[in-house]
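Keeping their order, the protein sequence lines are chains D and E. Heads up: the first sequence begins at 158 in this note's numbering, then just goes up one per residue. Heads up: the second sequence begins at 20 in this note's numbering, then just goes up one per residue. One structure below.
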Amino acid sequence: MESGKPGRSIARRVTGILGVLVGGILLAAVACAPWGEERRIEPGGKPPVHLLGVGASFPYPLYSKWIEEYRKFNPHVNIDYQSIGSSGGINNILRGTVDFAGSDAPMTDEQLARAPAPIFHLPSVAGAVAITYNLPGVDKDLKLTPQVLADIFLGNITEWRDPELTSLNPELDLPDMGITVVRRSDGSGTTKIFTEYLSKVSPVWAERVGTGTSVEWPTGIGGKGNEGVAGTIKQIPGSIGYVEMAYATQNGLPRALIQNRAGRFVGPTLETTTAAAAGAAVQMLEDMRVSLTDAPGEDSYPIAGYTYLLVYRDQHNQRRGEALAHFLWWALHDGQEHARELLYAPLPDNVVKMAEAKIKEINYKGQPFIE
Amino acid sequence: MVSRGLKRKLWNRFMLALTVVATAAALVPLASILYYVAVRGLPALNLDFFTKLPAAVGEPGGGLANAILGTIILVLLAGAMAVPVGILTGIYLAEFGRGRLAWTVRFLCDVLTGVPSIIVGIVVYSTVVLTMKRFSALAGGIALAIIMIPLVARTTEEILRLVPQSLREASLALGATRVRTVRSVVLRSAMGGIITGVMLATARIAGETAPLLFTALNSRYWPGGLTDHIASLPVYIFTYSTTPYEELHRLAWGAALILVVMVLTTSIAARLAARRLNGGR
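Written as structure tokens, this is what we have:
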């Protein structure tokens, strides 16, 4: 049956296929070749430095802004930050696939123990969680104590005319309505901060629900993302929920005043969030890991948290390490101004000082980049 | 008799109406997606969108040119890897494969088609990205290729099976070898169908987000080398749509519109190519 020259035919087929394969790869390689302004070698003769960071989505808009601004006066440093979530950031810095990572929660001791070398936590900015609501006819800010807030989210207080609420807000005409709790259905750093706060102020919450990026809620309905929660609250009169402060401010949502540890009722603003950061600085560990929820201080808003940049102390590439250290230094100082524009709370001065000391420890073969 | 004929006619009308309604119902989601994406996406499109890099929040005039280029590069890379492998597998299955090995290959292809794309992403992350210690266009291309291979292989096999057995017999009877028969007779007459299959598989992977998140990652710069992380439209849509900024949502809609247009163009081109190549018959 096989009477021709199958050997030659197969050889030609194989050459043809190899041709397609090589051609395709060449095509892709050409397409990927040095492209546009970003790749141009600087007049000084040095190629640009590339830095990559991944992690938390909460600070993504701010970090993009920082990168853009930093390039304006340091154009040979190309930094990139991609939001893939805090846990993705921690995993990738541990595995050495990135130069730095972003995380809303500090790394746990167990995670730090897995790191091949010392990792620094540098707080970059702080954020807060706003309690928002839909109460027809109420035009002043609602006041809540930690206990009442916890009871609402536990499902123990179910009516807006509950004596607990009316005695707290005698000047408000609270409607005769049931309370509908709205919370996040997706995993979220916002939920983490909020549940951490409730766990601190309510032993019942700590025992029954606990802290986490997503928890078993005792009551309420879920919405996806800040926009999902806000949208649901807008539709249901008598509802209450929590969203990121920047989101609440930008969309003009009402924000409840929460009683802080000093006994004052405080709303979520940049100032009160920074105040919480300053108040918590006294409890800050040497490695800068700290919780901002229920922070001490007259003006501290109690439901707040840092977002962190994670970097290795000992850098293995001199030029990249140097670029990274200088960018961090810039972010800590000039970067803080841009934070305010985008509704992130800047770091208090005492924390900037502590972070400066850390950046000065970042080194290449024992030689620090910033003296 | 008359009433029976009438009954049949009515029944016929009724069933016809039912199929028309069902067809309309099937088209409604497609039409509404196209309409909605166009309405939301068109306002975001301007020259900057196609020529500029992304800008930071609050700065006007950013585009997603790098993501458009990145998506094209990733799809080409995946195609360069998956098309030869897929087509050869398809040829093996249709023409040469017998017995247990062919059965196993076919079964594995079907299993691979059903694997959620995020799993493919995680596997490539732990094998390619962690080994190279960096996110890369190459890793993204490999992840997309893994999704594409079984699609190409199975469509190729199905198309080759449609080639009449008598053609093969005629070719063999004239003294051609089996390899020659496959190349000159079977492949030639099935070429239109194979190209359609490849282009449909391409359209399918162009919109994948999950396998790219942990492999090609994303980038705010122009594509670098094969070993650099690279921007893509789906990942930008994902990232931008989850931020609280209206401006970034607008860009995400623009990116969605471009992606839909790219996929639609590929699908339509596939149909046209198939029609032209099969034109004689």
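Idealized CB from N, CA, C, for every residue including glycine.
Reduced DSSP category for residue i - H, G, I as helix; E, B as strand; rest coil
{"i": "leucine 301 of chain D", "result": "strand"}
{"i": "serine 22 of chain E", "result": "helix"}
{"i": "alanine 502 of chain D", "result": "strand"}
{"i": "glutamate 373 of chain D", "result": "coil"}
{"i": "serine 240 of chain D", "result": "strand"}
{"i": "phenylalanine 422 of chain D", "result": "strand"}
{"i": "glycine 212 of chain D", "result": "strand"}
{"i": "proline 183 of chain E", "result": "coil"}
{"i": "proline 525 of chain D", "result": "strand"}
{"i": "glycine 436 of chain D", "result": "helix"}
{"i": "threonine 254 of chain D", "result": "coil"}
{"i": "isoleucine 198 of chain D", "result": "In this prediction, isoleucine 198 of chain D has a pLDDT of 45, which is less than 50 and means its spatial position is unreliable; what the coordinates show is noted afterwards. Isoleucine 198 of chain D: coil per DSSP, three-state reduction."}
{"i": "leucine 410 of chain D", "result": "coil"}
{"i": "arginine 202 of chain E", "result": "helix"}
{"i": "aspartate 129 of chain E", "result": "helix"}
{"i": "glycine 193 of chain D", "result": "The predicted model places glycine 193 of chain D with a pLDDT of 41, which falls under 50 and marks its position as unreliable; any figure quoted below should be read in that light. Of the three classes helix, strand and coil, the one that applies to glycine 193 of chain D here is coil, per DSSP."}
Residue i burial status per 10 Å Cβ neighbour count (16 or more: buried)
{"i": "tyrosine 55 of chain E", "result": "exposed"}
{"i": "valine 130 of chain E", "result": "exposed"}
{"i": "aspartate 308 of chain D", "result": "buried"}
{"i": "glycine 454 of chain D", "result": "buried"}
{"i": "phenylalanine 230 of chain D", "result": "exposed"}
{"i": "glutamate 364 of chain D", "result": "exposed"}
{"i": "isoleucine 87 of chain E", "result": "buried"}
{"i": "glycine 259 of chain D", "result": "buried"}
{"i": "glycine 216 of chain E", "result": "buried"}
{"i": "proline 62 of chain E", "result": "exposed"}
{"i": "phenylalanine 233 of chain E", "result": "buried"}
{"i": "valine 47 of chain E", "result": "exposed"}
{"i": "glutamate 353 of chain D", "result": "buried"}
{"i": "aspartate 333 of chain D", "result": "exposed"}
{"i": "isoleucine 198 of chain D", "result": "Any reading at isoleucine 198 of chain D must be qualified, since the residue scores a pLDDT of 45, below 50, and its modelled position is unreliable; the value itself is stated next. Per the 10 Å Cβ criterion, exposed."}
Pairwise C-alpha distance: residue j and residue i
{"i": "asparagine 520 of chain D", "j": "valine 295 of chain D", "result": "56 Å"}
{"i": "serine 359 of chain D", "j": "glutamate 373 of chain D", "result": "16 Å"}
{"i": "glycine 81 of chain E", "j": "glutamate 266 of chain E", "result": "10 Å"}
{"i": "leucine 311 of chain D", "j": "threonine 376 of chain D", "result": "7 Å"}
{"i": "alanine 275 of chain E", "j": "isoleucine 256 of chain E", "result": "7 Å"}
{"i": "serine 356 of chain D", "j": "alanine 84 of chain E", "result": "46 Å"}
{"i": "alanine 480 of chain D", "j": "serine 214 of chain D", "result": "23 Å"}
{"i": "alanine 235 of chain E", "j": "isoleucine 168 of chain E", "result": "19 Å"}
{"i": "proline 263 of chain D", "j": "leucine 500 of chain D", "result": "22 Å"}
{"i": "tryptophan 192 of chain D", "j": "alanine 287 of chain D", "result": "The pLDDT assigned to tryptophan 192 of chain D is 45, lower than 50, so where the model puts this residue is not dependable, and the model offers no usable value."}
{"i": "serine 160 of chain D", "j": "threonine 196 of chain E", "result": "Its pLDDT being 42, under 50, serine 160 of chain D is placed unreliably in this model, and the coordinates cannot settle the point."}
{"i": "alanine 113 of chain E", "j": "glutamate 177 of chain E", "result": "8 Å"}
{"i": "threonine 315 of chain D", "j": "proline 280 of chain D", "result": "38 Å"}
{"i": "alanine 192 of chain E", "j": "alanine 222 of chain E", "result": "40 Å"}
{"i": "valine 282 of chain E", "j": "alanine 74 of chain E", "result": "26 Å"}
{"i": "valine 58 of chain E", "j": "isoleucine 277 of chain E", "result": "12 Å"}
{"i": "isoleucine 287 of chain E", "j": "isoleucine 165 of chain E", "result": "24 Å"}
{"i": "threonine 90 of chain E", "j": "glycine 226 of chain E", "result": "9 Å"}
{"i": "alanine 432 of chain D", "j": "phenylalanine 422 of chain D", "result": "14 Å"}
{"i": "aspartate 237 of chain D", "j": "alanine 405 of chain D", "result": "28 Å"}
Unbroken alpha helix (DSSP H) run spanning residue i, endpoints
{"i": "histidine 268 of chain E", "result": "265-296"}
{"i": "lysine 220 of chain D", "result": "Looking at the sequence provided, one finds tyrosine at residue 220 of chain D rather than lysine. Residues 217-230."}
{"i": "asparagine 85 of chain E", "result": "84-110"}
{"i": "glutamate 114 of chain E", "result": "Element bounds for glutamate 114 of chain E: n/a, residue is neither H nor E."}
{"i": "tyrosine 240 of chain E", "result": "Unbroken run through tyrosine 240 of chain E: none, as it is neither H nor E."}
{"i": "aspartate 67 of chain E", "result": "66-70"}
{"i": "proline 255 of chain E", "result": "This sequence places tyrosine at residue 255 of chain E; proline is not what is there. Here the alpha helix (DSSP H) through tyrosine 255 of chain E covers 252-260."}
{"i": "serine 208 of chain E", "result": "206-225"}
{"i": "lysine 152 of chain E", "result": "First-last for lysine 152 of chain E: undefined, no H or E at that position."}
{"i": "glycine 346 of chain D", "result": "346-358"}
{"i": "proline 230 of chain E", "result": "229-232"}
{"i": "alanine 270 of chain D", "result": "266-271"}
Bridge-paired residues (DSSP) for residue i
{"i": "serine 260 of chain D", "result": "D:Tyr465"}
{"i": "aspartate 471 of chain D", "result": "D:Asn520"}
{"i": "histidine 207 of chain D", "result": "D:Asn235"}
{"i": "isoleucine 378 of chain D", "result": "D:Val339"}
{"i": "glutamate 316 of chain D", "result": "D:Gly335"}
Unbroken beta strand (DSSP E) run spanning residue i, endpoints
{"i": "glycine 398 of chain D", "result": "396-401"}
{"i": "serine 281 of chain D", "result": "276-290"}
{"i": "threonine 337 of chain D", "result": "337-341"}
{"i": "isoleucine 415 of chain D", "result": "414-416"}
Interface residues of the segment 233-245 of chain E facing chain C [CB-CB below 9 Å]:
Given the protein chain composition of this structure (D and E), no chain C is represented.
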